Amino acid sequence: MPDADIDTDIRTFLPRPIIGVGAVIWYGDQVLLVQRGKEPDIGTWSLPGGAQELGETLEQAVRREVLEETGIEISQPVLVDTVDLISPTKDGAIEYHYTLVDFTADAVGGDMRAGDDAADVKWVDTNQFAPYKLWHKTIEMIDKARRVRDNQSAD
19 MPDADIDTDI RTFLPRPIIG VGAVIWYGDQ VLLVQRGKEP DIGTWSLPGG AQELGETLEQ
79 AVRREVLEET GIEISQPVLV DTVDLISPTK DGAIEYHYTL VDFTADAVGG DMRAGDDAAD
139 VKWVDTNQFA PYKLWHKTIE MIDKARRVRD NQSAD
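Spelled out as structure tokens, the structure:
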């Protein structure tokens with residue numbers, strides 16, 4: 019049973035990690051990137067995604083988050099990998115801890131627009147990531163997603 023006294027908008031200094039989903043969304047050889055409109059890391063570029071909600075499957079969460087942030091509808095999401103994002107303060111307290119479950123899918127519809135907590139969204143060629151200063155784990159996830167996608171195409 020969930021803790022009735024936990025405010026779901028508070029995401030810092032929690033007693034446990036937050037489960038989040040992310041997605042490498044493809045349109046041809048381009049990947050969908052989102053500029054964060056809220057903390058943590060406001061203004062930085064990343065993959066679309068966010069926190070899983072109570073009663074929601076991971077697939078439902080990734081579809082909802084991509085649609086809310088970007089306006090894009092996606093194909094069946096395929097699991098790529100997981101990563102922990104842990105941000106300690108200078109004194110060692112854990113300010114943020116997200117366990118991120120990342121998927122890959124293709125764009126299949128919708129009208130691209132920045133929505134929800136996104137400041138901007140863009141399709142970016144995979145050889146043009148440098149100006150976006152992506153977290154090294156994001157680049158690794160995109161590379162893994164490409165391999166998963168290539169393996170699916172080979173089947």
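Per our numbering, residue 19 is the first one in the sequence shown, and the count goes up by one each step.
Heads up, the beta-carbon is just placed ideally off N, CA and C, and yes, glycines get one too.
These numbers come from a predicted model, not from an experiment.
Under DSSP, E91 takes part in a beta bridge, and its partners are G127. Only residues of its own chain outside the window of five on either side were considered, and among them V52, G55, E87 have a CB closer than 6 Å to the CB of A136, listed in chain order.
Counting only the Cα atoms, E113 lies some 24 Å from A41.
According to the DSSP assignment, D161 belongs to the alpha helix (DSSP H) that extends over 154-172. Annotation: the stretch 52-128 contains the following complete segments of the beta strand (DSSP E) (minimum length 3 residues), in chain order: 67-69, 90-92, 96-106, 112-128. Your pair T156 and L50 does not check out as a contact, with CB atoms roughly 12 Å apart and the cut at 8 Å. Separation of T30 and G110 (C-alpha to C-alpha, rounded to the nearest whole angstrom) is 13 Å. Within the same chain, and ignoring the five residues on either side of D134 in sequence, the residues whose Cβ sits closer than 7 Å to its Cβ are E86, E87.
Closest option to V126, judged by alpha-carbon separation, among P95, D143, T144, H154: P95.
For the pair W63 and Y150, the CB atoms are nearer than the 9 Å cut-off.
Between the stretch 157-165 and the stretch 67-80 there are fewer than three C-beta pairs closer than 8 Å, too few to call the two in contact. Just so you know, the alpha carbons of I90 and T107 end up roughly 35 Å apart.
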